[in-house]
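A.B. asks: There's a structure below that I have some questions on.
In this note's numbering, the protein residues as written are 8 to 646.
See below:
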């Protein structure tokens with residue numbers, strides 16, 4: 008029992024207070040989810056003890072039969088989920104039950120809308136585990152003792168979900184954790200054992216851990232043939248099948264079983280998009296089971312966050328965060344690997360430098376990429392759902408995984424000048440099929456937004472010739488294109504870098520006309536060069552423009568605009584880039600400026616064109632007030 012005189016009162020972490028309030032007041036269409044979450048956590052606790060006991064069998068304390076037990080007390084209106092697993096110390100209870108130890112909490116709560124249905128779906132994406140108890144309970148008591156410590160070192164945690172909880176030291180005879188739910192009036196159905204048995208069978212049948220409920224004593228009775236059947240004493244009865252789902256033949260596992268297993272594994276409320284269940288035999292023997300979620304977790308952009316692959320060795324749970332088996336750009340994958348080749352006492356140090364591990368990582372990576380490739384081919388809508396959630400993360404792949412660049416590139420999706428909205432996307436294979444005769448490059452542009460990319464002046468000549476250009480606007484895109492240099496022997500070419508060379512897309516007649524125009528425009532270029540001085544790297548005439556008077560481009564060897572923005576956003580010092588100003592000789596404004604005889608006014612016009620072109624490319628100016636003042640002065644002179 009707890010010594011109430013030593014009970015300590017604590018306040019929940021702010022995020023937990025918000026979460027508990029949402030739990031208690033949201034309307035759940037599927038309240039029974041809480042039982043899946045608590046049983047899954049209890050099973051994990053037992054698995055962790057089994058692993059630690061490999062090196063220290065005394066942790067079993069003469070009780071090696073690990074299990075999870077569910078019991079009810081109708082008079083007290085309580086439901087208890089117990090395990091004889093690893094247990095918790097007082098400090099661990101304070102951390103594990105008083106805070107949400109996951110990144111992304113700020114983003115999570117920023118998305119809460121006040122709509123109970125939508126908000127409850129967000130909880131499923133966040134994976135709250137233990138706190139789901141408050142869906143059905145108006146108060147929760149947790150009693151726990153860590154394995155291997157004295158029975159006097161138990162701890163009791165209590166909360167009514169009202170923003171506070173108490174911690175007290177207690178004496179607990181058995182190791183492990185008991186979670187006691189004091190059920191609300193509207194949770195009456197969870198006091199019925201037949202209902203709990205159905206729920207356990209539905210959600211926890213796959214667990215490689217006995218989930219038990221008490222079976223009452225059966226008195227002596229008479230059988231149909233008149234013979235007496237002896238009385239059977241009450242006992243704990245295992246409810247779940249207890250065979251690890253991943254060890255069953257994949258043809259025997261139903262879609263529904265995969266759905267429920269994934270939800271238990273990933274603490275998700277939604278079904279997975281797709282999965283891959285594979286048994287490898289031969290030089291290395293292992294089983295892999297990988298799932299692709301429908302939605303991104305809130306810590307997706309934290310590359311140091313816990314990954315989604317669990318490691319088992321010969322059915323023994325080893326670790327939650329087996330990051331060695333999946334590259335960071337596939338960190339959205341959830342699943343497990345069960346190996347027969349790794350030692351049971353495997354350590355992270357062994358995993359980091361192990362030929363078997365490297366082989367399994369390579370094979371697992373290819374399996375996930377193949378799974379995504381099949382999804383893209385067979386279910387475009389589902390793949391679009393995947394891309395919306397994880398496409399930006401997949402773009403990290405070419406920089407991290409040179410061995411699979413081509414495979415990753417086939418999975419990438421982009422907006423283009425052939426799409427009307429940012430939501431419409433094309434694959435690189437789609438692009439290659441539409442390439443013009445004589446086109447030998449894949450053209451692209453990187454900008455701050457889809458609209459900025461689509462309206463960039465540098466695209467004008469491509470529209471005129473009907474050449475498709477990929478429109479890239481994710482922050483990672485510039486970094487991506489520094490590592491994705493070609494696709495199926497076609498080089499990528501930015502339309503805003505270097506001199507424009509359309510190759511065979513320009514006829515010999517076109518090229519001769521351009522050379523003649525350039526020669527005739529040389530005096531104007533020289534005047535602009537003198538007027539702008541060191542504000543630009545170079546001034547030249549261009550034929551990439553049809554409707555705009557001017558544009559700026561970066562030299563082939565200089566840092567691009569978007570890369571400079573990325574580095575600045577990361578707090579890095581970026582060397583100043585001087586742009587090349589390209590002028591459209593045929594534009595009326597350029598010809599009007601070329602006729603200007605007042606050199607001071609000519610210089611103002613030259614700077615105005617440069618500022619306009621910079622604004623179109625960068626989206627901002629270093630000195631916008633000077634731009635406005637210069638423009639106003641020129642407008643007054645024209646009036």
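Glycine residues also receive a C-beta, built at the ideal position from the N, C-alpha and C atoms.
Note down, in chain order, each residue of its chain lying with its Cβ closer than 7 Å to the Cβ of residue 585, except the 5 sequence neighbours on either side.
C.D. replies: Result list for residue 585: 543, 544, in chain order.
A.B. asks: Quick check on residue 426: does DSSP put it in helix, strand or coil?
C.D. replies: Residue 426 falls in the coil class under three-state DSSP.
A.B. asks: According to DSSP, simplified to helix, strand and coil, what is residue 635?
C.D. replies: If DSSP states are grouped into helix, strand and coil, residue 635 belongs with the helices.
A.B. asks: Classify residue 420 as buried or exposed, calling it buried when 16 or more other Cβ atoms lie within 10 Å of its own Cβ.
C.D. replies: Residue 420 comes out buried.
A.B. asks: If distances are taken between C-alpha atoms only, which option among 183, 375, 318, 386 comes closest to residue 358?
C.D. replies: Residue 318 is the option with its Cα nearest to residue 358.
A.B. asks: What three-state label does DSSP hand residue 228 in the structure shown?
C.D. replies: Three-state DSSP puts residue 228 in a strand.
A.B. asks: From the DSSP secondary-structure annotation, give me the bridge partner or partners of residue 450.
C.D. replies: In the DSSP output, where bridge partners are listed per residue, residue 450 has 500.
A.B. asks: Measure the alpha-carbon distance for residue 347 versus residue 414 and round it to whole angstroms.
C.D. replies: Taking the straight line joining both Cα atoms gives about 29 Å.
A.B. asks: On the CB-based measure, 16 or more other CB atoms within 10 Å of its CB, does residue 517 come out buried or exposed?
C.D. replies: Looking at its Cβ environment, which holds fewer than 16 other Cβ atoms inside 10 Å, residue 517 is exposed.
A.B. asks: Would you check if the segment 187 to 206 and the segment 85 to 92 touch, i.e. whether three or more CB-CB distances between them fall below 8 Å?
C.D. replies: Verdict: yes, contact present.
A.B. asks: So is residue 7 buried or exposed if we call it buried at 16+ other beta carbons inside 10 Å?
C.D. replies: The chain is shown from 8 up to 646; residue 7 falls before or after that span and cannot be answered.
A.B. asks: Do you know offhand how far residue 296's Cα is from residue 181's?
C.D. replies: Using only the alpha carbons, I get a separation of about 35 Å.
A.B. asks: Output the boundary residues of the alpha helix (DSSP H) element that contains residue 390.
C.D. replies: 387 to 401 is the span of the alpha helix (DSSP H), which, as asked, contains residue 390.
A.B. asks: Count the other CB atoms within 10 Å of the CB of residue 299; is the residue buried (16 or more) or exposed (fewer)?
C.D. replies: It is buried - the Cβ of residue 299 has at least 16 other Cβ atoms within 10 Å.
A.B. asks: Near residue 443, which residues of its chain fall below 8 Å by C-beta distance, leaving aside the five closest residues on each side in sequence?
C.D. replies: Closer than 8 Å at the Cβ level, and outside the excluded window around residue 443, lie 472, 473, 474, 512.
A.B. asks: So is residue 599 buried or exposed if we call it buried at 16+ other beta carbons inside 10 Å?
C.D. replies: Label assigned to residue 599: exposed.
A.B. asks: With residue 467 and residue 567 assumed to form a contact (beta carbons below 8 Å), what rounded beta-carbon distance in angstroms separates them?
C.D. replies: Contact flag wrong, Cβ pair sits at about 20 Å.
A.B. asks: What are the boundary residues of the beta strand (DSSP E) that includes residue 222?
C.D. replies: Unbroken beta strand (DSSP E) run through residue 222: 218 to 222.
A.B. asks: Alpha carbon to alpha carbon, how far is residue 205 from residue 197?
C.D. replies: Roughly 11 Å between the two C-alpha positions.
A.B. asks: What's the C-alpha gap between residue 58 and residue 71?
C.D. replies: Going from the Cα of residue 58 to the Cα of residue 71 covers about 12 Å.
A.B. asks: Do the segment 141 to 156 and the segment 35 to 55 touch if we need at least three Cβ pairs shorter than 8 Å?
C.D. replies: Yes: at least three Cβ pairs fall under 8 Å.
A.B. asks: Below 7 Å between beta carbons: does that hold for residue 423 and residue 478?
C.D. replies: Their beta carbons are under 7 Å apart, which means residue 423 touches residue 478 by this criterion.
A.B. asks: Less than 6 Å between C-beta atoms, sequence neighbours within five positions excluded: which residues of the same chain meet that for residue 402?
C.D. replies: For residue 402, where only same-chain residues beyond five positions count, the Cβ hits under 6 Å are 483, 487.
A.B. asks: Given that a residue counts as buried once 16 or more other Cβ atoms are within 10 Å of its Cβ, and exposed if not, what is residue 83?
C.D. replies: Flag for residue 83 reads exposed.
A.B. asks: Residue 404 and residue 336: beta carbons closer than 7 Å?
C.D. replies: Yes, these two residues count as a Cβ contact at 7 Å.
A.B. asks: Could you check if residue 18 is buried or exposed, using at least 16 other CB atoms within 10 Å of its CB as the buried criterion?
C.D. replies: Its Cβ having fewer than 16 others within 10 Å, residue 18 is exposed.
A.B. asks: To the nearest angstrom, how far is it from the Cα of residue 441 to the Cα of residue 333?
C.D. replies: Distance between the alpha carbons of residue 441 and residue 333: 35 Å.
A.B. asks: Should residue 164 go down as buried or exposed, given a rule of 16 or more other Cβ atoms within 10 Å for buried?
C.D. replies: Classification for residue 164: buried.
A.B. asks: According to DSSP, residue 136 sits in a beta bridge with which residue or residues?
C.D. replies: Residue 136 is not bridged to any residue.
A.B. asks: Kindly give me the distance between the Cβ atoms of residue 560 and residue 503, rounded to whole angstroms, as I take these residues to be in contact under 8 Å.
C.D. replies: Confirmed, about 5 Å.
A.B. asks: Just to check, is the beta-carbon of residue 326 closer than 6 Å to a non-hydrogen atom of the ligand MN?
C.D. replies: Inclusion of the ligand MN in the displayed structure is not the case, the ligand content being empty and no account of it being possible.
A.B. asks: State the DSSP-derived secondary structure class of residue 442, mapped to helix, strand or coil.
C.D. replies: Reduced to three states, the DSSP call for residue 442 is coil.
A.B. asks: By the 10 Å Cβ neighbour count, where 16 or more other Cβ atoms means buried, how is residue 462 classified, buried or exposed?
C.D. replies: With fewer than 16 Cβ atoms within 10 Å of its Cβ, residue 462 is classed as exposed.
A.B. asks: Is residue 436 helix, strand or coil by DSSP?
C.D. replies: Of the three classes helix, strand and coil, the one that applies to residue 436 here is helix, per DSSP.
A.B. asks: Quick check: the Cα distance between residue 103 and residue 183, rounded to an integer number of angstroms?
C.D. replies: Cα to Cα, the separation comes out at about 15 Å.
A.B. asks: Could you give the uninterrupted runs of the beta strand (DSSP E) lying entirely in the segment 272 to 316, keeping only those of 3 residues or more?
C.D. replies: Those beta strand (DSSP E) runs which fall completely within the segment 272 to 316 and span 3+ residues are 281 to 287, 293 to 299.
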